[in-house]
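Number of protein chains: 2
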Amino acid sequence: MSTKKQLLSIFALGGIHEIGKNMYVVQYADNIIIIDCGAKFPDETLLGIDLIIPDISYLLDNKEKIKALIVTHGHEDHIGGIPYLLKKINVPVYATRFTLGLIELKLKEHKLLRETDLIEIHADVTLQFDPIAINFFKTNHSIPDCLGIVLSTPEGNVVHTGDFKFDLTPVNNQFADIHKMAEIGSKGVLVLISESTNAERPGLTPSEQLVGQHIEEAFLHAERKIIISTFASNVNRIQQIVNAAILTNRKLALLGRSMVNVVEVAIARGYLNVPEDMLVDAREVKYLPPEEVVVLCTGSQGEPLAALARLANGNHREVKVLPDDTVILAASPIPGNEKSVSRIVDHLFQLGAKVIYGSSSYTGMHVSGHGYQEDLKLMLTLMKPKFFIPIHGEFRMLHQHRLLAEAVGVEKGHTFILKNGDVVDIENSEARQTRKIPSGDTYVDGIGIGEVEGIVLRDRKQLSEDGMLVIVLTLNKADSTFISEPDTISRGFVYAKDFEELLTKVNMLTKEVVNELQTDSRQQIHVFRREIKKAVGQYLFTQTKRKPMILPIIIEI
Amino acid sequence: MSTKKQLLSIFALGGIHEIGKNMYVVQYADNIIIIDCGAKFPDETLLGIDLIIPDISYLLDNKEKIKALIVTHGHEDHIGGIPYLLKKINVPVYATRFTLGLIELKLKEHKLLRETDLIEIHADVTLQFDPIAINFFKTNHSIPDCLGIVLSTPEGNVVHTGDFKFDLTPVNNQFADIHKMAEIGSKGVLVLISESTNAERPGLTPSEQLVGQHIEEAFLHAERKIIISTFASNVNRIQQIVNAAILTNRKLALLGRSMVNVVEVAIARGYLNVPEDMLVDAREVKYLPPEEVVVLCTGSQGEPLAALARLANGNHREVKVLPDDTVILAASPIPGNEKSVSRIVDHLFQLGAKVIYGSSSYTGMHVSGHGYQEDLKLMLTLMKPKFFIPIHGEFRMLHQHRLLAEAVGVEKGHTFILKNGDVVDIENSEARQTRKIPSGDTYVDGIGIGEVEGIVLRDRKQLSEDGMLVIVLTLNKADSTFISEPDTISRGFVYAKDFEELLTKVNMLTKEVVNELQTDSRQQIHVFRREIKKAVGQYLFTQTKRKPMILPIIIEI
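Sequences listed follow chains A and B, in order.
Residues 1 to 557, numbered by the working numbering, are exactly what the first sequence covers, in order.
Residues 1001 to 1557, numbered by the working numbering, are exactly what the second sequence covers, in order.
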């Protein structure tokens, strides 16, 4: 990358054309500022992969230029990659008090806490990395203590919104700083980098208080135990659940490791107010009168191992769902999770519970943390950017966000719809997008990082669908005659009624192949292997319409 | 099962607590009438399974009592299991003209057409299987030529609704026969068996004509090529697409095998009116002016191999999506398909197309074929049943449907929420549910039916997530000393940087295990195997946090 003194460059290592693994870079000359370092959960085609993080090879090649990692907020898609980044690059991490609490949990798990430089910031600090100065502004989102970022460079000011909505009646008075945003806009914004999650949705995001009203109502109507599930990180929603519990004289029990961890951090750092005697251990729930208890749990997305799923399946050790208990899903399913959520709702109904579930517009039990079209237009109007880079969304969302920007005055041709790795270079107030730096998905699989190749995934796919056959034979090294006859072992391959017969035929075929090849002078083992695979593969396909993986193992003695 | 002369029994072999594989049985004394024989598509946990059909062991045990299979309509979840049933039981199949057309396509594929007894019926016939008489009534749904069924038995009348909605302004004047339903209700209904898919949705289902209006509007605004995707079986929607194409002077090309097949059947049998010169071959599309062509294709559910996905990926041989083409998704994603549909929408946007997609309430491009709460209440009101069996739905839908039934006058305790296999027996106007007959999922995998056992699926799951290691060693039969040293082959297992080293260590460990065991007198091979698995498994887990399948193959010579 050029190190021309006057060049301002902006690019994403993750977060564009996807929801997840957000990681953005602003570089001025030889100064690199990283914004966020998220992870993404793999889809069903990535068999056995635990997590996806951004490809950071550009950063590894430019280690010495990195000044800071600044984290806008504590969601997984913004902090999940941090431990993996820190294992390779030692960079100071800047975040607000609550966000740092969540990052610390993560670093503890990876045993990285001691050696990491964590710096607490708030909306009023200025960070100085000459010639870049960095300021912040408060925003609203579905997690406390979120920041937008202003990077002042000699070329001009770059604003990164983080994830945001405008909530004019936020819980716990955590107001977004609209006046400061207006001021930033007045001073002039060269580039606005803004999130696009809900760019397809018309209107303004409803206030989180709406959820509070519906929770209160449901609590007032509940006759027995209440079980309520939401995102552990949505501390403001949890505050409203706590408030409703106070109102209805109920104790609160927490289920699920992340719920316990996050609530602990939120209370300790002053983001959640819970009366001292209110929390009870999950083991006490069964001894309390049902009308005096609320169970707050993880698993609102249908995660099969989380607390709600275990409650629905009746195999939670401490808590049982009983007839006429009220179960509230205070979260809408994220696209892709609909089926597992409805499976859980179904089980809860079968246990006789009163279940409050379904689309948020119907139950009022969820509002989005991401701004709708009017929120996005308000941000664009406040910032009045010369150039615009929509991020944090699939292509169609970025596309819609561009239309919104143009509707409020961003000049045509001044919006850059990037891919991860596309670089926008700005020099003398001219922006152009011509370069690319390396980017992509790095897979985390067990404890190996980034070592899972396409071939392994292809193998897993074949194994998962059709299973495999191992054919073992021992040949005489001298003349390739049989020392032991072919024997076939199968795993994950279809059991037909005539399965034994099928395997016998496979062994016979193998023998035929070997015998035939022997008549042709001396053959190499890989020829035996290839021909056995071919003959057996064809035979099995005609017989079963399946293509199991075939592994001939030939031992020569 | 009892063959007492006066016993009326009703049960499901599939379709309850699930959406899919509908199959219901009404038995009076020794007369069995089967209603529908559907299939279900497997979810992501059933690795390699193609299709799920009902367990028909009860029918196999009572073959001689089966009088007829009556099919309510031609959707996959009502006809998909027919070929598999017919391979085991020769039963005459009764269905309407259009439904038979779709069944014939299926039987042709399975080479069963010639030997099957297919009998065309319509709403006005009476079938006589003494002492059961069967009558029908027309209903509306998202496929033409649907029937509800009235089975008159000496015990009383049993009504099965099939899938239905009330559409008072149906396309092609295919009116539901509300007067006949009222008449049936007046004569007295002992048991109503009614579908429950949309029992959770308030209101009345919108008319299919609403979709027609939106399609027309979109066609009038389109400037270049139109590509529109919907369910092949929704012939009424296709009629409205044809009408809009006539209005805007466009030719029609069909993409996708099922689209071509169904449209052919629908035209041949008089359910779809297409002007003679309107259809063009897909290969001609690129030679026609874009403003004069509509491409109608399959794949609205995001199926990765269907036409729409191939168009979106730019790898369709005949047709390309070009900038400013209009692409319409005239179908809402079925729960579970949201993610693959949005992936396709994203690709279409990237090709520069104008995409009309998203929730049906927003675009008006889809209405459900299943009645909402008011439709269900209207059916219940018309039929005034003594007993009620809600079917065709997950538990929560059946539960809501019961509440609806009670709201319009069905007595409490007269609704039976069954599981597949639960039998309702009715005798002297008393209904009770005490017995169970065998039921469950039969898996179709390749050409084997029902032969895939849990163990195979467990193997596939392990293989798909962590892959496998085959460890081969040859021992001397006499003293278990090594003839050839351990050698390890892996597939689908993680490639770490030090992978060779890992395998070397596995071989060493194997050798150690064998040597150690040899000191203990003569060991059996299964002990070697077990101990190798244990030692290598533990080692690999500590090193990689993975549990690949380990297959020690020991050859004794």
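Note that beta-carbon positions come from the ideal geometry of N, C-alpha and C, so glycine has one too.
Since this is a predicted model, take the numbers as computed values, not measurements.
Determine, for residue i, whether the minimum Cβ-Cβ distance to residues of chain C falls below 7 Å.
i       : result
B:E1394 : Within the model displayed, chain C is absent; protein chains A and B are what it includes.
From the beta carbon of residue i, is the nearest beta carbon of chain B less than 7 Å away?
i      : result
A:H399 : yes
A:Q301 : no
A:S359 : no
A:S464 : yes
A:T72  : no
A:I559 : With chain A represented from 1 up to 557, any question about residue 559 of chain A goes unanswered, as that position is not in the structure.
A:R402 : no
A:R529 : no
A:S368 : no
A:I49  : no
A:G492 : yes
A:I53  : no
A:G467 : yes
Residue i CB to nearest chain A CB: under 7 Å?
i       : result
B:V1026 : no
B:V1470 : yes
B:S1002 : Note that B:S1002 has pLDDT 46, beneath the 50 cutoff, so the model's placement of it is unreliable and no number is given.
B:V1456 : yes
B:T1363 : no
B:Q1006 : no
B:Q1128 : no
B:T1474 : yes
B:D1459 : yes
B:S1484 : yes
B:I1391 : no
Would you decide whether residue i is buried or exposed? Buried here means 16 or more other CB atoms lie within 10 Å of its CB.
i       : result
B:Q1006 : exposed
A:I99   : Residue 99 of chain A is actually Thr in this sequence, not Ile. So A:T99 counts as buried.
A:K477  : exposed
A:I226  : buried
A:V345  : buried
B:N1249 : exposed
A:S152  : buried
A:R402  : buried
In its own chain, which residues sit with a C-beta less than 6 Å from the C-beta of residue i, not counting the 5 before and 5 after it?
i       : result
A:A307  : L255, G256, C297, T298, G299
B:L1105 : N1261
A:L51   : A39, V444
B:P1206 : V1367
B:V1410 : F1388
B:G1556 : It is worth fixing the name first, because residue 1556 of chain B is Glu in this sequence and not Gly. Answer for B:E1556: L1475, K1477, listed in chain order.
B:Y1028 : L1008, I1132, T1153
B:A1353 : V1321, D1325, V1327
Which residue wins for smallest C-alpha separation from residue i, given the options the options?
i       : options                            : result
A:L398  : A:L329, A:P390, A:L404             : A:P390
A:V26   : A:L192, A:I119, A:T415             : A:L192
A:K511  : A:S484, A:F499, A:T72              : A:S484
B:H1316 : B:F1349, B:V1285, B:L1210          : B:V1285
A:I149  : A:T205, A:G162, A:N140             : A:G162
A:A95   : A:V171, A:K88, A:H122, A:K111      : A:H122
B:R1432 : B:A1407, B:F1416, B:I1471, B:N1420 : B:F1416
A:T442  : A:I35, A:N313, A:I53               : A:I53
B:P1486 : B:S1229, B:L1210, B:V1506, B:N1428 : B:V1506
B:L1380 : B:S1361, B:L1404, B:Y1357, B:T1363 : B:L1404
When you measure from the CB of residue i to every non-hydrogen atom of the ligand FMN, does any distance come out below 6 Å?
i       : result
B:L1113 : This structure does not include the ligand FMN; it has no bound ligands of any sort.
Only counting the same chain, and skipping five residues up and downstream in sequence, which positions put a Cβ closer than 7 Å to that of residue i?
i      : result
A:H414 : K386, F387, F388
In chain order, what residues of the same chain lie with their CB nearer than 8 Å to the CB of residue i, ignoring the 5 residues before and after it?
i       : result
B:G1015 : K1021, N1022, M1023, Y1024, D1036, G1038, D1077, I1391, H1392, N1420
Practice item. Below 7 Å between beta carbons is the criterion; list the residues of the region 319-343 of chain A that meet it against any residue of chain B, in chain order. Key: P335, G336, E338, K339, S342
Practice item. May I ask you to list, following chain order, the residues of the region 538-552 of chain A that have a beta carbon less than 7 Å from some beta carbon of chain B? Key: T544, K545, R546, M549, L551
Practice item. Return the residues of the region 1222-1238 of chain B that lie within a Cβ-Cβ distance of less than 9 Å from chain A, sorted by chain order. Key: none
Exercise for review: Quick one: which residues of the region 1346-1358 of chain B get their C-beta closer than 9 Å to a C-beta of chain A? List them in chain order.
Suggested key: D1346, H1347, L1348, F1349, Q1350, V1355, Y1357, G1358
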